[in-house]
Amino acid sequence: MLQPVDLLAGPDGGVISISRAWSNGSLQGAAEIVVVALDANGDPLWNWEATSPADPWGFGLEGQYVAGATDDAGRLYLTYSLPMQSRLVAFDHHGSVRWQRSITEPSGAPHYHTTCVATNPTGGVHVGGSAYVDTFPIGAVHSFDADGVLLWEQSVAQSPSGPVSSLPFGLLIGPGGESYLYGQHDFFTGYSYFGCLHVFSPSGNLLAGLGGGSSIESAFCHAALDSNGGLSLVETGYTSGFFGGDRIFRLTGFSLSGSAPTGVNLASVPGAFYSVRDLAVLPNGDRLIAHSEATPRLLRVAHDGTQLTPWTLPGNPPGELFGVLAMPDGSAVVTGFLDAPSRTFYARFDPTGVIEWIGDVSGVHVAFWPQREALPVPTDYDLTQDDRGNVFVAGRRQTTTGGTSLTTAKLLQGGPVGTAYCGPAVPNSTGAPGQLRVFGTDVRSLDNLTLLATDLPAGSAVMMLASQQQGLVFQPGGSSGVLCLGGTIGRYAAPGQIRHVTGAGSTSLQLDLDTIPRPNSVYSAVAGQTWSFQAWYRDASGSVATSNFTQAVAVPLQ
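Numbering (this note's numbering), first residue to last: 86 to 643.
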């Protein structure tokens, strides 16, 4: 059974997916950890695999504990558990291992599991985990510099205002280099558990702690930092006893004032059934909670704790949200699952909560979808975005043979931009004219344009063309189509730039406006210029090989 673990932004607009699988089904036998890095166009860059052996009882429990993080340069840090210890692996941009370290609990406790990892602004990495000391679980944090030198390690002892943290769920690094380790503490007597947060200074000193609500069984399951370094925590639990009463959740704000914590209860929403999958913070400080209570919705809480009107889907259809991303412009992208009929969906809310688009794979502008087929009912999902604002989504799906595979897609944000001209194009062997659209933004400084060609013959090779001048040449070089560019025409023919059409009849290319090709050089586009683009692709007329063109699109850069 293959499960996605993390989806992370990679270097140069790419993405890194981390997944795991067990040799004998879920949690049974050895666990396989799989890392795949894709470039901005969905082409594989590198992959890496490791095996975590089954524990002494035959279960692959260590395989549950896998986590990854990337630094500002897009380099991956991966941690995973082995029997009795854990491992941290640092990769370079090409997938080569720069260094790796074995990690044990600072006091030497056995059965240490790393559960979370985060990079800090100085290029180092922090790893959180838990171990058993005399059968009692405790948490721990290790801090390494960018070269793998251990800077400090701390077991989580009794905090100023909270219990011991036994199972960290996540780790965040604040703007000042402080570490926020959050999760839950289990009391085996009475089967009770409570949310727990610990805050460490950049040098490893315990600054503060926060315990969950004492009136409920709870855990801090999601956390997010705002632009000012303020922390929000989603606490989930029960109103009474072990799995007793109503399930509820709360949103708690936390900030550091000297060495003392400031906790504010922001929201409490009871419900007989609910699901909380994700938390994000908009640029204006509003908190978004991916929440489902019969229907998917984004709960919103202002920075001061005021509950705002939720963002909902049209018609409030039954289903569930899997994840939410807060976008730089104040909008939000969500992914989830809808019932009747069962299907995956993606949606984007504008900054006022109005749906900009909603659909499945066929209804959203997808730059790449490596499996070349629609995704059936997923059971796990993850979202991330690159520094350009493009969104990546990964999910687990059932294969036709009964297994599972991981699917990764890139959802284009913004657009279409530019003005189409010289169309419609001459129909190709599919019977339809090929089409070209440009997505992203025409703001030059943001350098985010993607060419998406559709309605093309499956498997055909495609070369994108660019020029500052328009033209009109019929059947150039024996082609079946029309060349709509003039003057100096650049061809995207470098390694990785020649695209191939998917089974759905589409292909795409992420542009770099600093390196637009010219016949013998590259050119950096400048705001105020207008660039025209066209796709040139192979085709066949009956049994005769030929080529054809899409229409062209002119994009004035701002």
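Just so it is clear, CB atoms sit at the ideal spot from N, CA and C, and this is done for glycine as well.
For residue i versus residue j, is the C-beta distance shorter than 8 Å?
| i | j | result |
| --- | --- | --- |
| S317 | V366 | yes |
| A425 | A417 | no |
| V502 | T539 | no |
| F407 | T420 | yes |
| R382 | P395 | yes |
| V547 | R584 | yes |
| R473 | G98 | yes |
| G213 | P253 | yes |
| G294 | G338 | no |
| L282 | V202 | no |
| A216 | Q239 | no |
| A304 | G289 | no |
What residue does the beta strand (DSSP E) around residue i start on, and which one ends it?
| i | result |
| --- | --- |
| Y622 | 615–626 |
| Q636 | 629–641 |
| V419 | 417–423 |
| P381 | 380–386 |
| V511 | No beta strand (DSSP E) contains V511, which DSSP labels as neither H nor E. |
| M548 | 546–552 |
| A578 | That residue, A578, is in no beta strand (DSSP E); it is neither H nor E in DSSP. |
| L198 | At residue 198 the sequence reads His, which differs from the Leu that was named. Segment 198–204, the beta strand (DSSP E) holding H198. |
| A152 | 151–155 |
| Q531 | The question names Gln, yet the displayed sequence has Leu at residue 531. Per DSSP, L531 belongs to no beta strand (DSSP E) and is neither H nor E. |
| T429 | 428–434 |
| G566 | Looking at the DSSP string, G566 is not in any beta strand (DSSP E), and its letter there is neither H nor E. |
| L521 | 520–525 |
| V586 | First-last for V586: undefined, no H or E at that position. |
| G296 | 291–296 |
| V409 | 404–411 |
| R362 | 360–366 |
| T397 | 392–397 |
| T164 | 161–167 |
| Q595 | 592–595 |
| A125 | No beta strand (DSSP E) contains A125, which DSSP labels as neither H nor E. |
| A175 | 170–176 |
Can you tell me whether residue i is buried or exposed, with buried defined as 16 or more other CB within 10 angstroms of its CB?
| i | result |
| --- | --- |
| T592 | buried |
| F559 | exposed |
| L570 | buried |
| P399 | exposed |
| S166 | buried |
| N513 | buried |
| A387 | exposed |
| G314 | exposed |
| D467 | buried |
| A543 | exposed |
| M607 | One point to set straight first is that residue 607 is Val, not Met, in the sequence displayed. Exposed, by the Cβ-count rule. |
| S181 | exposed |
| T207 | exposed |
| Q88 | buried |
| S102 | buried |
| P96 | buried |
| P287 | buried |
| D363 | buried |
| T200 | buried |
| D471 | buried |
Which value, in whole angstroms, describes the spacing of the CA atoms of residue i and residue j?
| i | j | result |
| --- | --- | --- |
| P461 | T429 | No answer about P461 holds up, because its pLDDT of 40 lies below 50 and its placement is not dependable. |
| Y657 | R186 | Past the boundaries of the shown model lies residue 657; the chain is included only from 86 to 643, so the question cannot be answered. |
| T635 | L236 | 57 Å |
| V476 | L173 | 27 Å |
| V629 | S564 | 11 Å |
| L92 | L292 | 31 Å |
| S228 | V409 | 29 Å |
| W67 | V478 | The shown model of the chain, from 86 to 643, leaves out residue 67, and the question about it has no answer. |
| R529 | R335 | 42 Å |
| A175 | D156 | 10 Å |
| A578 | T437 | 42 Å |
| S171 | T189 | 7 Å |
| L534 | V523 | 7 Å |
| A345 | N132 | Per-residue confidence for A345 stands at a pLDDT of 42, beneath the threshold of 50, marking its modelled position as unreliable; the derived number appears in the next sentence. A345 and N132: Cα-Cα distance of roughly 44 Å. |
| R183 | R160 | 10 Å |
| F285 | Y265 | 7 Å |
| T515 | G556 | 26 Å |
| A639 | T615 | 7 Å |
| V349 | L596 | Residue placement at V349 is flagged as unreliable, the pLDDT there being 46, under the threshold of 50; the coordinate-derived value follows with that caveat. Rounded to the nearest angstrom, the two C-alpha atoms are 45 Å apart. |
| A135 | L163 | 11 Å |
| P580 | S632 | 21 Å |
| S617 | G562 | 21 Å |
| G627 | L130 | 37 Å |
| M549 | A154 | 34 Å |
| D624 | V439 | 42 Å |
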